[in-house]
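Count along the sequence shown from 1, add 1, and you get the number used in the working numbering. Backbone N, C-alpha and C define an ideal beta-carbon position, used for all residues, glycine too. Each remark here refers to the structure printed beneath this line.
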Amino acid sequence: MAHEDAGHYAAKHPGGKIDKAIADAIAGKEKEGRITCVAAHAIAKKQACSPQVVGLNIDLLEKRIRRCQLGLFGYGVKKKKTVKPAAMVTENLKTAIREAMDGDRITCQAAWEVAKKMSLTKLEVSSACEAMEIRLSKCQLGAF
2 MAHEDAGHYA
12 AKHPGGKIDK
22 AIADAIAGKE
32 KEGRITCVAA
42 HAIAKKQACS
52 PQVVGLNIDL
62 LEKRIRRCQL
72 GLFGYGVKKK
82 KTVKPAAMVT
92 ENLKTAIREA
102 MDGDRITCQA
112 AWEVAKKMSL
122 TKLEVSSACE
132 AMEIRLSKCQ
142 LGAF
């Protein structure tokens, strides 16, 4: 959703229903109407559901996600991205990213899988994508 749609996240899910257990878990982790990506993924694991289901509930509750683990949003006063292009990207990492791409982009989940496979941080993979001018797509929580 665009910045002008902020505060109207539930509109993305007409007819969506809030799951009380997930909503309670979100309430326990959110601060000032915001919940971190890490906390949202922890809730998904604890509730034995997909991150997408947690993201749906975050939207329905009109909460915001902050501190994306790929560094794409929710950082600082202006909530801008923190990820910067890597100064150097190894050929092995370039290959792994290209093989994981879906069309001309790489999904959030695929970026996480590359990070795990190559024993890198998620931010290192995101930085490599920035350097390679590859966009990330399909946030696991549904934020982008």
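In angstroms, rounded to a whole number, what distance separates the CA positions of residue 106 and residue 131?
-> Here residue 106 is taken as the residue at index 105 of the sequence shown, counted from 1. Here residue 131 is taken as the residue at index 130 of the sequence shown, counted from 1. Approximately 11 Å, taken between the alpha carbons.
Tell me, please, which residues DSSP counts as bridged to residue 81.
-> In the sequence shown, the residue the question calls residue 81 occupies position 80. BP columns for residue 81 point to 76.
Find out if the Cβ-Cβ distance for the pair residue 30, residue 40 is shorter than 8 Å.
-> Sequence index remark: in the sequence shown, residue 30 carries index 29 (1-based). Sequence index remark: in the sequence shown, residue 40 carries index 39 (1-based). Contact check for residue 30 against residue 40 passes: the beta carbons are separated by less than 8 Å.
Measure the alpha-carbon distance for residue 82 versus residue 16 and round it to whole angstroms.
-> Along the sequence shown, read from residue 1 onward, the residue named residue 82 stands at position 81. Along the sequence shown, read from residue 1 onward, the residue named residue 16 stands at position 15. Here the C-alpha atom of residue 82 lies approximately 31 Å from the C-alpha atom of residue 16.
Length of the line joining the Cα atoms of residue 35 and residue 116 | Here residue 35 corresponds to residue number 34 of the sequence shown, with the count starting at 1. Here residue 116 corresponds to residue number 115 of the sequence shown, with the count starting at 1. Straight-line measurement puts the Cα of residue 116 at about 26 Å from the Cα of residue 35.
Since residue 65 sits in a beta bridge, which residues does DSSP pair it with?
-> Taking the sequence shown and counting its residues from 1, the one referred to as residue 65 is at position 64. 35, per the DSSP bridge assignment.
Considering only the beta carbon of each residue, do residue 23 and residue 44 sit closer than 8 Å?
-> As a first step, residue 23 is located in the sequence shown; it is residue number 22 there, counting from the start. As a first step, residue 44 is located in the sequence shown; it is residue number 43 there, counting from the start. For residue 23 and residue 44, yes; Cβs fall inside 8 Å.
Return the residue from the list 101, 70, 122 and 125 that minimises the CA-CA distance to residue 140.
-> For the purposes of this step, residue 140 is taken as residue 139 along the sequence shown, with counting starting at 1. Proximity to residue 140 across 101, 70, 122 and 125 peaks at 70, based on C-alpha coordinates.
Check residue 135 in the structure and name its three-state DSSP category.
-> Taking the sequence shown and counting its residues from 1, the one referred to as residue 135 is at position 134. Shown here, residue 135 sits in coil according to DSSP, grouped into three states, outside any helix or strand.
Extent of the continuous beta strand (DSSP E) run through residue 107 = Along the sequence shown, one-based indexing puts residue 107 at 106. Start and end: 106-108.
Return the residue from the list 14, 119 and 143 that minimises the CA-CA distance to residue 96.
-> Here residue 96 refers to the residue found at position 95 when the sequence shown is read from its first residue. Of the candidates 14, 119 and 143, the residue whose Cα lies closest to the Cα of residue 96 is 119.
For the candidate residues 63, 135, 134 and 50, whose alpha-carbon lies nearest to that of residue 12?
-> Reading the sequence shown from its first residue, position 11 is the one you call residue 12. Residue 63 holds the alpha-carbon nearest to the alpha-carbon of residue 12 among 63, 135, 134 and 50.
With a cut-off of 8 Å on the beta carbons, I'd call residue 86 and residue 128 a contact; round off their distance for me.
-> The sequence position of residue 86 within the sequence shown is 85, counting from 1. The sequence position of residue 128 within the sequence shown is 127, counting from 1. Right, the Cβ-Cβ distance comes to about 6 Å (below 8 Å), so this counts as a contact.
Simplified DSSP assignment, three categories, for residue 103 = The sequence position of residue 103 within the sequence shown is 102, counting from 1. Note: residue 103 maps to strand in three-state DSSP.
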